[in-house]
Amino acid sequence: MRHLRFILLSLLFGAGIASQAQTNAAQADFDSTLIQVQIEGIPAGKTRLVGIYGDRNYLADSADVDANGRFEIRRKEPLPAGFYTFLLPGGNKNFSILIDQDQRFTLRAKADDIANTMQVNGSVNTDLFYKNAMFQAKQDPEIQRTSELMKNNPEDSPAYQQAKARQNQILDERKAHLDEIYAKYPDAFFTKFKQAGQNPELTYPRKPNGDLDTLAQLLQYRSQFWENVDFTDERLLRTPVVGNKLRRYIKEMVPQNRDSIIPVADELIRRVLPHKPYFQFFANWIALQYENTKTTVMDGEAVYVHVVKNFFTPELAFWDKPENLEKLQKHVWEMEASLLWKKGADVRAKDILTDKERSIYELTAPIVVVFMFSPDCEHCQKDAPKIQTIARNWKSRGVDFFGIGVSTTAEELKTFTKKHGFDFPVVFDPTNRAIYAKYFVDITPELYILNKDRIIVAKNLKAEQLEEVFQREINKLK
654 MRHLRFILLS
664 LLFGAGIASQ
674 AQTNAAQADF
684 DSTLIQVQIE
694 GIPAGKTRLV
704 GIYGDRNYLA
714 DSADVDANGR
724 FEIRRKEPLP
734 AGFYTFLLPG
744 GNKNFSILID
754 QDQRFTLRAK
764 ADDIANTMQV
774 NGSVNTDLFY
784 KNAMFQAKQD
794 PEIQRTSELM
804 KNNPEDSPAY
814 QQAKARQNQI
824 LDERKAHLDE
834 IYAKYPDAFF
844 TKFKQAGQNP
854 ELTYPRKPNG
864 DLDTLAQLLQ
874 YRSQFWENVD
884 FTDERLLRTP
894 VVGNKLRRYI
904 KEMVPQNRDS
914 IIPVADELIR
924 RVLPHKPYFQ
934 FFANWIALQY
944 ENTKTTVMDG
954 EAVYVHVVKN
964 FFTPELAFWD
974 KPENLEKLQK
984 HVWEMEASLL
994 WKKGADVRAK
1004 DILTDKERSI
1014 YELTAPIVVV
1024 FMFSPDCEHC
1034 QKDAPKIQTI
1044 ARNWKSRGVD
1054 FFGIGVSTTA
1064 EELKTFTKKH
1074 GFDFPVVFDP
1084 TNRAIYAKYF
1094 VDITPELYIL
1104 NKDRIIVAKN
1114 LKAEQLEEVF
1124 QREINKLK
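If you read the sequence shown in this note's numbering, its first letter stands for residue 654, the second for the next number, and so on.
So, in structure tokens, the structure goes:
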């Protein structure tokens, strides 16, 4: 995100001598942005103007507020078109505006009810924003009442049906109100902003037996979710709409498993590929959500690997240097071999206690746990007794453990292994060559489970989750 250099002159409204007023008027002729505000009833202090890009807020500007609640934002360089919020002195009041190219306007409101007393002069988009908000605010109490009636009465009751009919009528009125604005101001930023925020109408497809087909409902809803977003309009990235929709689309409308997320994320990123600002934001946001250690989805890093591998290339990732992209590609290459459903690589290194070479592939049990740990790791110290107990209890039931010491020394690892009585192989390679790019570990302890074919069937587990996976895999063998 590029931060602009802010130029701010904080002036008092209606104050100063005549020569100062003349100077202000002369300066105003050259200001790209001049937003003059009075909020009656707020204390003197400082207001902060907060902008948004994607899903991140940033400080766009600030101004001093006088004792009468007056302040102004004055700039030589215009603000980027978008959605902004004024955080007012006192700490508990704020209000928002929509800015496009009309950046010379006045606002006036009362602090005890800013939304319903706002008067806008000179900004079509902010004026429409508040007119729409006021229209909906008048209907909100009745929407709440009808919702309560529907909640407290059976669907087939007259009370429910009457409340539902009235609620639909109110929603139709809201839609008509917006349609009137869209028709009158088809090119206004408010129109693009409001249309982008509208969700598809919910459909109710049925199965042959008459039951609601929830899967078909979801897929249809999801297929229409982005239809009202104009990806050629970068201004929408500077509103809450796009960031909120992206989070809902990826995190709530897609089952949170890697095999569901990857195709949906891939299709969406490719859809915005021609629109560089959206491509940059979508690719980075999705990748970061599933970066190792930042996701609770099992093997969520498979999403991260897929996005980085396919989209963070010198040809596509215009926002970064080739050398940085090369490092990132190397990083996901190191992770790729240990993703779910890959064949677990063999590791051959010297046992820390016997000094003899041991290998994962020499273990004969149908289930193998690869346990990567560091003696200095607090969680490893806490989990070590649990791991030893589980390993001992499941040894005769078809489970072998294979320990790998990382980020340690031979002496530290030997002491730790003896202390906790590990009776399974624990290997160590001070050169790291034995495990490099085989089993990725970012935070210890790390646990991988390999099945009889030595396919990775589970990872990123806690010790408490191991036995459930063991039983699942043993049942498959039966």
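Glycine included, every Cβ here is placed at the ideal spot set by N, Cα and C. What you are looking at is a predicted structure, and each value in this text was computed from that prediction instead of being measured.
Next on the checklist: Run through the DSSP bridge pairs and tell me what E1010 is partnered with.
Outcome noted: K1003
Checklist entry - In the segment 897-954, which residue ranges form an unbroken alpha helix (DSSP H) of at least 4 residues, counting only runs that do not cross its ends? => result 911-924 and 929-942
Next on the checklist: Just list the residues that DSSP pairs V689 with in beta bridges.
Outcome noted: The question names Val, yet the displayed sequence has Gln at residue 689. Per DSSP, E725 and T759.
Checklist entry - Below 8 Å between beta carbons: does that hold for V1059 and T1097? => result yes
Item to check | Local Cβ density within 10 Å of W938, reported as buried at 16 or more and exposed below that | outcome: buried
Item to check | 8 Å Cβ cutoff met for M803 and K817 | outcome: yes
Checklist entry - What is the DSSP secondary structure of T700, counted as helix, strand or coil? => result strand
Next on the checklist: Let me make sure I understand the geometry here. Which of F1123, T946, A869 and V950 has the alpha-carbon closest to that of A1044?
Outcome noted: Nearest C-alpha to A1044: F1123.
Checklist entry - What did DSSP end up calling R1095 once you bin it into helix, strand or coil? => result The amino acid occupying residue 1095 in the given sequence is Asp; Arg does not appear at that position. Three-state result, D1095: coil.
Next on the checklist: The alpha helix (DSSP H) that contains S800, what's its start and end?
Outcome noted: Where S800 is concerned, the enclosing alpha helix (DSSP H) stretches over V777 to N805.
Next on the checklist: Is the separation between the beta-carbon of S991 and that of I1109 shorter than 8 Å?
Outcome noted: yes
Item to check | Cα-Cα separation, A1116 to G744 | outcome: 45 Å
Checklist entry - Considering only residues of the same chain and omitting the five flanking positions on each side of R1125, which have a CB-CB separation below 7 Å? => result none
Next on the checklist: Using only the alpha-carbon positions, how far apart do N787 and D766 sit?
Outcome noted: First, the amino acid is wrong: residue 787 is Met here, not Asn. Straight across, the Cα-Cα distance linking M787 with D766 is about 11 Å.
Checklist entry - Does DSSP put S876 in a helix, in a strand, or in coil? => result helix
Checklist entry - Does the beta-carbon distance from A713 to L687 come in below 8 Å? => result Cβ atoms of A713 and L687: not closer than 8 Å.
Next on the checklist: The beta strand (DSSP E) that contains L740, what's its start and end?
Outcome noted: Taken as a continuous stretch (DSSP letters only), the beta strand (DSSP E) holding L740 covers G735 to L740.
Item to check | Spatial distance of P967 from K980 (CA atoms) | outcome: Whole-angstrom Cα-Cα distance: 12 Å.
Item to check | DSSP bridge partner residues for S749 (one or two, in chain order) | outcome: T738
Checklist entry - For S715, which residues does DSSP report across the bridge? => result R701
Checklist entry - What is the DSSP secondary structure of Y1101, reduced to helix, strand or coil? => result strand
Item to check | Spatially closest choice to H830 from Y783, L978, N721 and R761, by CA coordinates | outcome: Y783
Item to check | Residue span of the beta strand (DSSP E) that contains Q772, given as start and end | outcome: Q772 -> beta strand (DSSP E) spans Q772 to N774.
Checklist entry - Which residues in the same chain as M988 place their Cβ atom closer than 8 Å to its Cβ, once the five residues preceding and following it in sequence are excluded? => result N945, E954, Y957, V958 and F1093
Checklist entry - Can you pull the DSSP bridge partners for M1025? => result I1057 and E1099
Checklist entry - Counting Cβ pairs closer than 8 Å, one from the segment 686-700 and one from the segment 718-729, do we hit at least three? => result yes
Item to check | Nearest-angstrom beta carbon gap, I752 and A734 [assumed within contact, 8 Å] | outcome: Going by Cβ atoms, the distance from A734 to I752 rounds to 6 Å, so yes, they are a contact pair.
Item to check | Buried or exposed by the 16-neighbour rule on C-beta atoms within 10 Å, applied to Y1101 | outcome: buried
Next on the checklist: For E1064 and E1015, what's the separation of their Cα atoms in angstroms?
Outcome noted: Pairing E1064 with E1015, the inter-Cα distance amounts to about 25 Å.
Next on the checklist: Give me, in chain order, the residues of the same chain whose beta-carbon lies closer than 7 Å to that of S602; leave out the 5 immediate sequence neighbours on both sides.
Outcome noted: The question about residue 602 has no answer here: the residues shown for the chain are numbered 654 through 1131.
Checklist entry - Of the residues Q772, E826, N1113 and L871, which one's Cα is nearest the Cα of Y947? => result Position check: residue 947 holds Lys in this sequence, whereas Tyr was assumed. The residue with the shortest Cα to Cα distance from K947 is N1113.
Checklist entry - Does DSSP put K1071 in a helix, a strand or coil? => result helix
Checklist entry - Relative to the alpha-carbon of T700, which residue among E801, N774, L740 and S685 has its alpha-carbon at the smallest distance? => result L740
Item to check | Start and end residues, alpha helix (DSSP H) containing A812 | outcome: P811 to K837
Checklist entry - Would you call G863 buried or exposed, if buried means 16 or more other Cβ atoms sit within 10 Å of its Cβ? => result exposed
Item to check | Local Cβ density within 10 Å of T1042, reported as buried at 16 or more and exposed below that | outcome: exposed
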